[in-house]
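**Q** Numbering follows UniProt numbering, in which position 282 of the sequence shown is assigned residue number 282; successive positions increment by one, without gaps.
Cβ coordinates follow ideal geometry from the N, Cα and C atoms, glycine included.
Since the model is a prediction, treat every value here as computed from it, not as a measurement.
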Amino acid sequence: MIKNKISDDFFKKAILKGNEGLLNDFSPAVREFKVGCDNVFEISRDSEHKRINDRITKFVLDKSPINSSACGFVQGKSYYDFLRPHIQGYYFLRLDIKKFFHSIPPHEVKSLLAQHFNSEKNGKKYSALDIAYMSVTHRVSDTYIDKDFRGKEILPIGFSSSPVISNIIFRRIDILIQKLCEDKGIIYSRYADDMLFSCDNSKYLHSEQFEKDISIFVSILSLKLKKIKRRATENTISLNGYVVQNRKIKKGFLNVYKEKPVGNIRLSDKKLKPLKKLAALLKKQKDPIYIMENIFHLNHGNFIRRYGRNSDFYSKYADDQLQNKLKGYRSYLVSLMKYDDKYGCVNFDCMKKVKEIVEVLECNIK
């Protein structure tokens, strides 16, 4: 798509910011590490690599089209947008794409970038395409802790460009899945590697054939489904601390179906429990040390080993940490309240409790 290619002049001025020397000596700056079971790769913050990656994302990738079903890492969308389409469903299916970012083939990334960046080197060591590709992908070192990743070229978890690229590349798969679902009366949305489906009838949705059909679509990009993450439910589905719930459509007089019920979203009991406990302790005017130790597992012994015996400092530290928690929780709950104001999709009892908690938090924020 030649019309989408950016000019060499734009690349030098907007992406390289006039530093044309990078066309000969660009060098990636990546830190490799593990967080639990996840392999994570982070571009050094104060590096040309980071600045170029950010500019490519902002000026080029963010302007590329994605499918309407994609909700993860999309400007103006949130996890609530991933869940909300399903409040009219009764049967639910959650499927997960295995090692999503790291399994996207590098040639797909190269093909995407080739639509936007020129490959001519014009006497330089690297072309615009070369630098763009080196900026958004990573070749894992031969000494990396996870032997399965050594020497692999990947779209890395940890690069800010990766979620955007994954949504662009997966767009054609989203379209295929969306078309299948529309034909079958199924609602579909996706948040990164999480795919959620819902409908009124479980016969096809919960069948092996449906999962096989989705597997065929994702295999176009050499991706696979993570079987262990499959979850098929009816009436209610709980995902990452949120619950979508609805009633089954009922038949009325002469077996005529009544109006289709509309369900709602709520926070799970597990997600609400610490918030309710926090609000209760605040209302009892418990001190910050007590709250931090009993809810957030602040450990006095660990604190002493790290900072020494200083009761005043420990008290101030607990107070500062508690204030951060209160502000963070308030921001999170207010976002849910605003979403409900706009779409009216949150469970009434849940929203009532959320507003009560926010009121307590606000009374204790300094």
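What are the partner residues of residue 368, as DSSP defines its beta bridges?
**A** The first residue shown for the chain is 1 and the last is 366, placing residue 368 beyond what the model contains.
**Q** Going straight from the alpha carbon of residue 299 to that of residue 287, what length do you get?
**A** Going by the C-alpha atoms only, they are around 15 Å apart.
**Q** Any idea what DSSP makes of residue 104, helix, strand or coil?
**A** Residue 104: coil per DSSP, three-state reduction.
**Q** Considering only their Cβ atoms, is the gap separating residue 159 from residue 43 smaller than 8 Å?
**A** Yes, the pair counts as a contact, with Cβ atoms nearer than the cut-off.
**Q** Our contact map puts residue 88 next to residue 262 with C-beta atoms below 8 Å; I'd like the distance itself, whole angstroms only.
**A** About 6 Å; that satisfies the 8 Å criterion.
**Q** Please identify the residue among 59, 352, 99, 183 whose C-alpha is closest to the C-alpha of residue 37.
**A** Looking at the Cα atoms, 99 is the closest of the given residues.
**Q** Relative to the C-alpha of residue 67, which candidate in 203, 58, 168, 212 has its C-alpha closest?
**A** Of 203, 58, 168, 212, the residue nearest in Cα terms is 168.
**Q** Hey, quick one: how far does the alpha helix (DSSP H) through residue 304 stretch, first residue to last?
**A** Segment 300–307, the alpha helix (DSSP H) holding residue 304.
**Q** Rounded to a whole number of angstroms, what is the C-alpha to C-alpha distance between residue 358 and residue 240?
**A** Near 21 Å, if we compare the C-alpha coordinates of residue 240 and residue 358.
**Q** Among 305, 270, 319, 90, which has the Cα closest to the Cα of residue 290?
**A** The candidate whose alpha carbon is nearest that of residue 290 is 319.
**Q** Pick helix, strand or coil for residue 186, following the three-state DSSP scheme.
**A** The answer is coil: DSSP assigns residue 186 none of H, G, I, E or B.
**Q** What residue from 152, 231, 218 has the CA that sits closest to residue 173's CA?
**A** Of 152, 231, 218, the residue nearest in Cα terms is 218.
**Q** Can you tell me the Cα-Cα spacing of residue 194 and residue 237, whole angstroms?
**A** Approximately 13 Å between the Cα atoms of the pair.
**Q** So, is residue 107 buried or exposed, given that buried needs 16 or more other C-beta atoms within 10 angstroms?
**A** Classification for residue 107: exposed.
**Q** Residue 208 lies in the alpha helix (DSSP H); which residues open and close that run?
**A** It spans 208–219 - the alpha helix (DSSP H) in which residue 208 sits, taken as one unbroken run.
**Q** Identify the continuous alpha helix (DSSP H) that holds residue 359 and give its terminal residues.
**A** 348–364 is the span of the alpha helix (DSSP H), which, as asked, contains residue 359.
**Q** Within this structure, are the beta carbons of residue 39 and residue 157 separated by less than 8 Å?
**A** Yes. Within cutoff.
**Q** At the level of alpha carbons, what is the spacing between residue 26 and residue 203?
**A** Roughly 55 Å separates the two Cα atoms.
**Q** Just verifying my parser: in three-state terms, what is the DSSP assignment at residue 367?
**A** Outside the displayed span of the chain (1 to 366) sits residue 367, for which this structure offers no information.
**Q** Under 8 Å, with one C-beta from each stretch per pair, do the region 130–137 and the region 15–32 reach the 3-pair mark?
**A** With the cut-off at 8 Å, the region 130–137 and the region 15–32 touch.
**Q** Here's the rule I'm using: 16 or more other beta-carbon atoms within 10 Å means buried, otherwise exposed. How should residue 264 be labelled?
**A** So residue 264 counts as buried.
**Q** What ranges does the alpha helix (DSSP H) occupy inside the region 131–210, keeping only unbroken runs of at least 4 residues that lie completely in it?
**A** For the region 131–210, whole alpha helix (DSSP H) runs of length 4 or above, ordered along the chain, are 161–169, 171–184, 202–205.
**Q** Report the rounded CA-to-CA distance for residue 16 versus residue 135, giving the unit in angstroms.
**A** Taking the straight line joining both Cα atoms gives about 12 Å.
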